[in-house]
Amino acid sequence: MNNAFVEMIRSRRVVRNYTDETVSETVLWKILDTARWAPAARNRRYNRYICLNDKETIRKIQMVSPGMGAGLPNALIVVCIDWDLAAYEVMDRTYQTSYIDVGTAVENMLLAAHAQGVGAWPMTSFSPDAVRILLNIPDNLAPIMFVGLGCPANIPKSTVKKPKIRVRIEDFVQWGSFPQKADIE
Ligand SMILES: Cc1cc2nc3c(=O)[nH]c(=O)nc-3n(C[C@H](O)[C@H](O)[C@H](O)COP(=O)(O)O)c2cc1C
183 MNNAFVEMIR SRRVVRNYTD ETVSETVLWK ILDTARWAPA ARNRRYNRYI CLNDKETIRK
243 IQMVSPGMGA GLPNALIVVC IDWDLAAYEV MDRTYQTSYI DVGTAVENML LAAHAQGVGA
303 WPMTSFSPDA VRILLNIPDN LAPIMFVGLG CPANIPKSTV KKPKIRVRIE DFVQWGSFPQ
363 KADIE
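Numbered by the working numbering, the letters in the sequence shown go through residues 183 to 367 in order.
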């Protein structure tokens, strides 16, 4: 196991406070590029990414995004699903692997940002309809998730402080099958 990589995963935290320093377009492209290396069901590539680094536009988006109340990122990636492309495989908007593909891509970008010292913030609490109007997003694209980005103003507390309740992985894992009902009674 590559310990440096595991440590990178363990030390990533959501960053919601940023300095005024901008994230360069070169770095934004590097982060975006990691999205295409994410695993995707049947290797489909239905995610589309809208990248914004204009503070005024991001501020407008903040006004329709309750989940962005805690800070204003310097850049924002809006991760969308292209449902026209998905329709070729007779997938509708309830098709869960499309949403999982968004998650794998977002995780890659969060880790890539962290590895470069850029703070990253995943979000789903926003009005997709309002974001569509603000960005003039065509009908085939559905905005699903945001990744806010910026230079961290401070190290989030949770990286330097142990959580009050120690969460153990053993509490979330069932090793092997669940016992038969008869064994429990
Ligand atoms: C699917 C998803 C949606 C999220 N939406 C928001 C959001 O709208 N606003 C927000 O402040 N954080 C949001 N978060 C961040 C979580 O609150 C955060 O990941 C969680 O509290 C754990 O903190 P950590 O990532 O720093 O360990 C979201 C995370 C995920 C995975």
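Note that beta-carbon positions come from the ideal geometry of N, C-alpha and C, so glycine has one too. Given the structure is predicted, the values throughout are model-derived calculations rather than measurements.
Where residue i sits in the DSSP three-state scheme
i	result
ALA287	helix
ILE319	coil
MET183	coil
VAL188	helix
VAL313	helix
Beta-carbon contacts of residue i that lie in its chain and below 8 Å, excluding the five residues immediately before and after
i	result
TYR277	ALA268
ALA297	MET190
TYR281	ILE263, ILE326
ASN229	ALA217, ALA222, VAL261, CYS262, ILE263, ASP264, ASP283, VAL284, ALA287
Short CB-CB distance (under 7 Å) between residue i and chain B
i	result
LEU234	Reference to chain B is not applicable here, since this structure consists of a single protein chain.
Beta-carbon proximity list for residue i, same chain, < 6 Å, skipping 5 on both sides
i	result
THR239	none
THR204	ASN256
PRO334	VAL197, GLY301
ALA220	THR286, ALA287, ASN290
Residues of its chain near residue i, where Cβ-Cβ distance is below 7 Å and the 5 sequence neighbours each way are ignored
i	result
GLY249	MET305, THR306, SER307, PHE308
Cross-strand partners of residue i (DSSP beta bridge)
i	result
VAL197	VAL197 is not bridged to any residue.
Any beta strand (DSSP E) of 3 or more consecutive residues that is wholly inside the stretch 209-296: 229-234, 257-264
If you measure from each residue's Cβ to the nearest non-hydrogen atom of ligand 1, which ones come out under 5 Å, in chain order? Counting only heavy atoms of ligand 1, the residues whose C-beta sits closer than 5 Å to one of them are, along the chain, ARG195, VAL196, GLY249, PRO304, MET305, THR306, SER307.
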